[in-house]
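Here's the structure, in structure tokens; my notes come after.
Residue numbers (the working numbering): 3 to 249.
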């Protein structure tokens with residue numbers, strides 16, 4: 003039975019890493035025969051992670067000395083081209099250079115794989131524009147504020163607009179971490195109360211995973227402030243949430 007070859011088009015789509023995983027499963031369940039086992043071949047990345055500022059470039063060494071097809075059999079795929087760009091160059095002596103540049107805020111991954119057998123693959127996780135561990139900072143993107151943590155991004159405007167006209171001017175925002183359940187807490191001044199539900203104000207947050215999929219849109223209900231206009235609202239973050247958009 004002859005060895006199957008994957009023919010990849012010049013333009014690799016956003017979901018190619020998912021395709022590689024499906025092919026990986028297919029090769030494991032129905033391996034080509036006769037052939038050298040995938041376990042006997044490998045691609046090794048010197049670094050498995052990269053944390054970059056926007057516009058910054060990092061170089062990762064790739065060892066393909068155990069890949070039968072050599073450099074000509076190498077391919078790369080990026081999970082989200084809007085966040086990172088990557089290019090692979092041969093350095094000789096069974097070594098290649100993977101250049102990764104951060105383009106936008108978020109987390110993504112780069113796969114370096116064997117074109118002839120995508121089951122032979124190695125990944126690098128890239129934290130693009132994310133803060134250092136334990137640090138936090140806020141940047142602006144147009145009229146939107148982005149509070150950046152080492153593992154999460156929070157998008158919001160200076161004013162949150164809730165249900166029935168409820169309006170909150172944001173004064174503070176932060177994550178509270180305890181017992182494995184993270185809590186997003188927002189404080190601000192209630193500028194406008196709900197016009198249809200006296201004494202109760204409703205605001206919304208959308209939670210996304212690393213692939214950009216909406217996990218859920220969740221409402222939070224807050225009573226009118228007892229004194230002054232200061233109001234605190236909070237959400238418990240769902241598992242696997244890496245991006246939050248406050249409405």
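Built from N, CA and C at the ideal position, the CB exists for glycine as well.
Remember, it's a predicted structure, so these values are computed and weren't measured experimentally.
Query                                                                                                                           : Result
Closest Cα partner of residue 202 within the set 152, 164, 212, 99                                                              : 164
Rounded straight-line distance, which links the Cα of residue 89 to that of residue 43                                          : 22 Å
Proximity of residue 205 and residue 235 at Cβ, strictly below 7 Å                                                              : yes
Own chain partners of residue 55 with C-beta closer than 8 Å, once the 5 adjacent residues on each side are dropped             : 104, 131
C-alpha distance - residue 95 paired with residue 158, whole-angstrom precision                                                 : 50 Å
Helix, strand or coil at residue 133 according to DSSP, with G and I counted as helix                                           : coil
Element boundaries [beta strand (DSSP E), containing residue 173]                                                               : 169-180
Chain-order list of residues whose beta-carbon lies under 6 Å from that of residue 2 (same chain, five-residue window excluded) : Lying before the first or after the last residue shown, residue 2 is absent from the chain, which here runs from 3 to 249.
Beta-carbon separation (whole angstroms), residue 62 vs residue 102, contact threshold 8 Å                                      : 7 Å
Own chain residues within Cβ distance below 8 Å of residue 71, not counting five before or after                                : 116, 117, 118
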